[in-house]
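Chains as they are written, first to last, in the numbering used here: chain G, -7 to 419; chain P, 34 to 548; chain R, 1498 to 1621.
Just so you know, even glycine gets a beta-carbon here, dropped at the ideal spot from N, CA and C.
As the structure is a computational prediction, the values presented were derived from the model and not from experiment.
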Amino acid sequence: MRYLPQTKKGRSEMLEAIDVSSVDALYSDVPKSAFVKGKVNLPDHMGELEVERMLGAYANENHAAPDGPFFLGAGTYYHHVPASVDHIIQRSEFLTAYTPYQPEIAQGTLQAIYEFQTMVAQVTGQDVANSSLYDGATAMAEAALMAMRVTRRKKVVLGNKTHPHYEDVLKSYFENFRGEATIEGPQDIDDQTACVIIQSPDFYGSPENYQIWREKCDAVGALLVVVTNEILSLGLLPAPEEADIVCGEAQSIGLPMSFGGPHLGFFACREKYIRQMPGRLCGETVDASGRRGFVLTLNTREQHIRREKATSNICTNQGLCALAFTVHMALLGEDGFKHLAKLNHEKACELSDTLENAGFKVENETFFNEFVVELPKNSNEIVSTLAEKGIIAGLALEDNKLLVSATEMTAQEDIQTFCETLKEVCA
Amino acid sequence: MSNLAYNDNMDHMMSDAENFEDGNRGLHYEENLLWEKGHSDTPGVDLPSLKGTKSRTGQSERKNVGLPQVSEPQVMRHFVRLSTKNYSIDSGFFPLGSCTMKHNPRLNEKMARLKGFASIHPMQPTQTVQGALKVMYDLQNWLAELTGLPAVCLTPAAGAHGELAGIMTIRKAHEVQGNTHKDVILVPDSAHGTNPATAVMCGFKTRTISTKETGRVSVEAFKEALYKQDPEGKDVAGMMVTNPNTCGLFERDIQEITDLLHDAGGYFYCDGANFNALVGKIRPGDFGVDVMHINLHKTFSTPHGGGGPGSGPICVAPSLQDYMPSPVVLKEGTAYRLEEEGERETSCGRLRGFQGQFGMHVRALSYMMSHGADGLKQVSEDAVLNANYILSQLKDDYHAPFEGPCMHECLFTDKYQKEYDVTTLDIAKTLIEYGMHPMTVYFPLVVSGAMLVEPTETESKDALDRFISVMKMIAKKARSGDVTELHNYPKSTPRHRLDEVKAAREPKLRWKKGA
Amino acid sequence: MSNVKYTDDHEWIKIEDDTAWIGITTYARHALGDLVFLELPEVGRQLNKGEDFAVVESVKAASEIYTPVTGEIVAVNDNLADNLDDLKEDLDKGWIVKVKVSNPEDLEGLMDKSSYDAFVEGLD
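The following block contains the structure:
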């Protein structure tokens, strides 16, 4: 009961002040049948040590990325997080603050969000960015919904291979339209198309040429949405300035993989669309003494006020994750961000060369830090066999293919071990 | 001087020592933007050198991004200084109604950072993540037992996402059962704004239930809404009711209302934002709830983090279990696994990239285990006791619009203070001046000038008494008629009242060179 | 003198020949507070009676503006976007759109100045 400061004496004084005989009297509106008899059927409280022991044992059952060679990407990437990042995000003033609705006592969070928005806009080559969304998949779905609001059209085109989970999320969201809105392929771009969504690098790791898609969109008046689930790629690839919306996943900067969440959806667009944008926004203003300050702004687009007419039902952003991103980006700076991106690309080139030298065929002509390699055997079985040998090999795809990724975490020895073992098990 | 951009202004400041004014005093620091600092030669990280491998991206190399560049100590100081401008639950009383700002145990943080939880990938082979799946499975079971709703899906990323999951589950159920004529969701006017926004996002129409008279949904008002278009309520797909509601009251007619709804073939979605009043003591499944989301960042102490990440699992009755989102964690013998895509054919599908905000799952389970069955019951009892104590001590000074007792939060309005030209906004800003975070203001919308106070169970009687004293002092100041001060607070904060009109009229959402 | 009518959603309608000029009333203007944005429709859009065609935002609220008549938008007062203070019960400058009225009977049942004033009186 270490988290409960009330005392027996305090409780009884308070009951007296309220003028009731027991706490149960305060629950007089609740139907009798809804009360638990005694206690719920769960264990009683535990001390810190006991909880640590039990959860520690659970954690030890997992094979973590530092435990062996690791080549899995596919939308979540294993990167280094500088020690300062975790220190900053664990400061009470950031960790245990609420959404900055009272700006006089939340300038820290607000300025950090403003810096986050600026960084995302710069990295994506867009005019403005919001304060973050749940993750890359929901950001892509929100982009589709926004494009439909802007164009008043109801068809969304997936131009190339997006992450299958992202596609699934879009399909789930679209079921809400009961057939009135559709998801189509690139052959169906026409004057009813709200937007064309392009993932770059695509799910198989190949960077896209945006200009071709821009032209296709312009021909029919559709918006171009560019999705990236490896934001670090934008330190090496050109900014998607051709796009109307750029969104995706930013977990790579500042966040651990954490079994899939919390991650960090980002969302940037052209200035003319800001009032159609989902999610929270922080803006610059002045205080009563004329000093620069920051506030949440354009709130009227949100559900608190617009209720059934809101641009989206989203309430929270991923505040602390956005802060982690901002701190990590501040540490990387202009040179570090680009350097880290190049380093990732070099590691992937090394992995590709070593695989090819070992006799495997790499499918990609171009890639950033992830690509597809063809195996002579069922890739699912190989992934499983390698896992038993302490190697997380990548994502098994259809037709004996394997999606592999390398980052700054990938050591030369990891690549050697992986390629040798792969050769063995494929022999 | 509206912009404390040091680089531009420092020289003339230095030359005039008597008028030196950059805003720093004692422990109060001004802090400029990262881009306004000098551009350092090297970044705040040292990375391995590059080999100069020829690029295989097939594209030209990225040109100038525009990012700032500073050393590590500058980054540290920048963010630590920013942090000092924030109020947080660790620094003081935070009675933000409907938000449950309770203590965030650091044990939870430590557990989520264990290598075996933080450094695992969501698509790793199942046999390498059994411990993580066990955490999720245990959490599913704890939530099922606490809500009395046996099926649990942990996937939603936050409360509003949980709402979306819940209403999509209802939509899918009606679709599969051929009830396409059911296209209306009933929502009380006191509901969170996300409720109607969610219903509309799921393709439903909303119909409002009025609660203005008593702050509760009356059987009469409910019937009026239910039977408005059809004498049997055939067009009604479900209702979204927060219970306890946003006025801090338990819906005392909930059983009768739920029975009527179920008779009409509708499902009861309960917004779980206020579960902190019930946890361990009352099970929503036992008063007729069919689906409910749980805010792990409210009831189960995962940190709010200045606006997220949250986590909004949904708990579902057997009647809706087939339709909830995927994936959920399954146990087969002693092995755990995630549901495969399409495995449960009638699922409303995937709602998020991966299986959920797993880091939040670990934190919530760590909290639940720490409290246990006995502790959680005490949590809700203390939360309710604390709120009622505040209500009893302040109801003579502030107008309490509805008859109590309240649950874990109590509602007041500025009706008495308005006579003296003091509004809810002024009261909130004065609380800030006196070192406290204000309550939730101007919500719920059913009363004018609402102040919703939720102390939570992690406050001592001393902390409550201090809040009560400050509130009484404000009421007294208002009555004295000398209210100029109250209109100008806060004065001791890093910034005074901010110009929101300017922010919205001329939106400036990012730093730009020279702007 | 032109013919001016009012709705219970606080729009005013000035009727000139077959064209309705639509704006918002002083009461609505005060209720909204400081305006920050006005979202205008496009000329040529076909409106149905009761449909919303513009959104006016203040810091704390966003309100739809509804047309009480069916018809096509023949003019939009673009000047308002940058001069929000002109958005008021000014029958010359404060109009938002001009709508070519398709069904003159739509105008029946709207309030005149005195009944609207009485209606507003009853709200407070």
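Listed by chain order, chain P residues near residue i by CB distance under 7 Å
i       : result
G:C418  : Going along chain P, no residue has its Cβ under 7 Å from G:C418, so there is no contact; the nearest lies around 17 Å.
R:V1556 : E533, V534 and A537
R:D1531 : V534
G:Q20   : First, the amino acid is wrong: residue 20 of chain G is Ser here, not Gln. Going along chain P in sequence order, the residues near G:S20 (Cβ under 7 Å) are P438.
G:F360  : T90
G:D36   : G405, A406 and D407
Candidates the options: closest to residue i by CA position
i       : options                               : result
G:A333  : P:W68, P:R89 and P:G56                : P:R89
G:E42   : P:K135, P:M144 and P:C132             : P:M144
G:Y69   : G:F251, G:C418 and G:E366             : G:F251
P:T456  : P:M272, P:M469, P:L409 and P:A508     : P:A508
G:T289  : G:G275, G:R283, G:I204 and G:A280     : G:G275
P:G192  : P:E289, P:L329 and P:S251             : P:L329
R:A1558 : R:A1578, R:D1531, R:D1549 and R:F1550 : R:D1531
G:S164  : G:A133, G:Q109 and G:T(-1)            : G:A133
G:A57   : G:A322, G:G240, G:A398 and G:G2       : G:A398
G:M401  : G:P35, G:V73, G:L(-4) and G:A66       : G:V73
P:A368  : P:D292, P:Q160, P:D74 and P:G405      : P:Q160
R:V1625 : R:W1592, R:K1546, R:N1576 and R:E1618 : Nothing can be reported for residue 1625 of chain R, as the shown portion of chain R is limited to 1498 through 1621.
P:R146  : G:G253, G:L34, G:L215 and G:C418      : G:G253
G:G30   : G:D16, G:V188 and G:E40               : G:D16
P:E54   : G:R283, G:V365, G:E390 and G:V120     : G:R283
P:H520  : P:A511, P:N276, P:T526 and P:R528     : P:A511
One or two residues paired with residue i in a DSSP bridge
i       : result
G:G285  : G:T277
G:D36   : P:G405
P:M484  : P:F445 and P:V474
G:V120  : G:C261
P:P221  : P:I242
R:A1517 : R:I1512 and R:V1596
P:V185  : P:C348
G:E362  : G:S397
Residue i - DSSP class collapsed to helix/strand/coil
i       : result
P:G271  : strand
P:M325  : strand
R:N1500 : strand
G:F317  : helix
P:M46   : For P:M46, the predicted model reports a pLDDT of 48, less than 50, meaning its position is unreliable; a value from the coordinates is still stated below. It is helical.
R:Y1563 : strand
P:H207  : helix
P:N119  : strand
R:D1549 : strand
R:I1570 : strand
G:T441  : Residue 441 of chain G is absent from the structure shown; chain G starts at -7 and stops at 419.
P:K331  : coil
R:L1588 : coil
G:Q(-2) : coil
G:A388  : strand
Interface residues of chain P facing residue i [CB-CB closer than 8 Å]
i       : result
R:V1571 : Here the premise fails: no neighbours, minimum Cβ distance about 29 Å.
G:L(-4) : G408, Q411, V412, D415, E490 and T491
Beta carbon proximity, residue i to chain B, threshold 7 Å
i     : result
G:F63 : The structure shown has no chain B; the protein chains it does contain are G, P and R.
Proximal chain G residues relative to residue i, where beta-carbon distance stays under 7 Å
i      : result
P:D319 : S25 and A26
Within chain G, the residues that residue i reaches when beta carbons sit closer than 9 Å
i      : result
P:P477 : Per Cβ cutoff of 9 Å: no residues; P:P477 is ~11 Å from chain G at best.
P:Y302 : Residues of chain G passing the Cβ test: none, with the nearest at roughly 13 Å.
Interface partners of residue i on chain P, CB under 9 Å
i      : result
G:R262 : Chain P residues near G:R262: none, gap ~12 Å exceeds 9 Å.
I want to know whether the segment 525 to 544 of chain P touches the segment 88 to 106 of chain G - three or more CB-CB distances under 8 Å. yes
At a cut of 8 Å, does the segment 232 to 250 of chain P reach the segment 391 to 405 of chain P through at least three beta carbon pairs? no
The segment 465 to 481 of chain P contacting the segment 218 to 228 of chain P, beta-carbon criterion three pairs below 8 Å: yes
The segment 337 to 350 of chain G touching the segment 230 to 246 of chain G, judged by at least three CB pairs closer than 8 Å: no
Indicate whether the contact test is met: 3 or more Cβ pairs, each with one atom in the segment 1560 to 1576 of chain R and one in the segment 1597 to 1617 of chain R, closer than 8 Å. yes
So does the segment 342 to 355 of chain P actually touch the segment 177 to 192 of chain P, counting three or more Cβ pairs closer than 8 Å? yes
Does the structure place the segment 357 to 373 of chain G close enough to the segment 193 to 200 of chain G that three or more beta carbon pairs sit under 8 Å? yes
Could you say if the segment 317 to 334 of chain G and the segment 93 to 103 of chain P meet the contact criterion of at least three C-beta pairs nearer than 8 Å? yes
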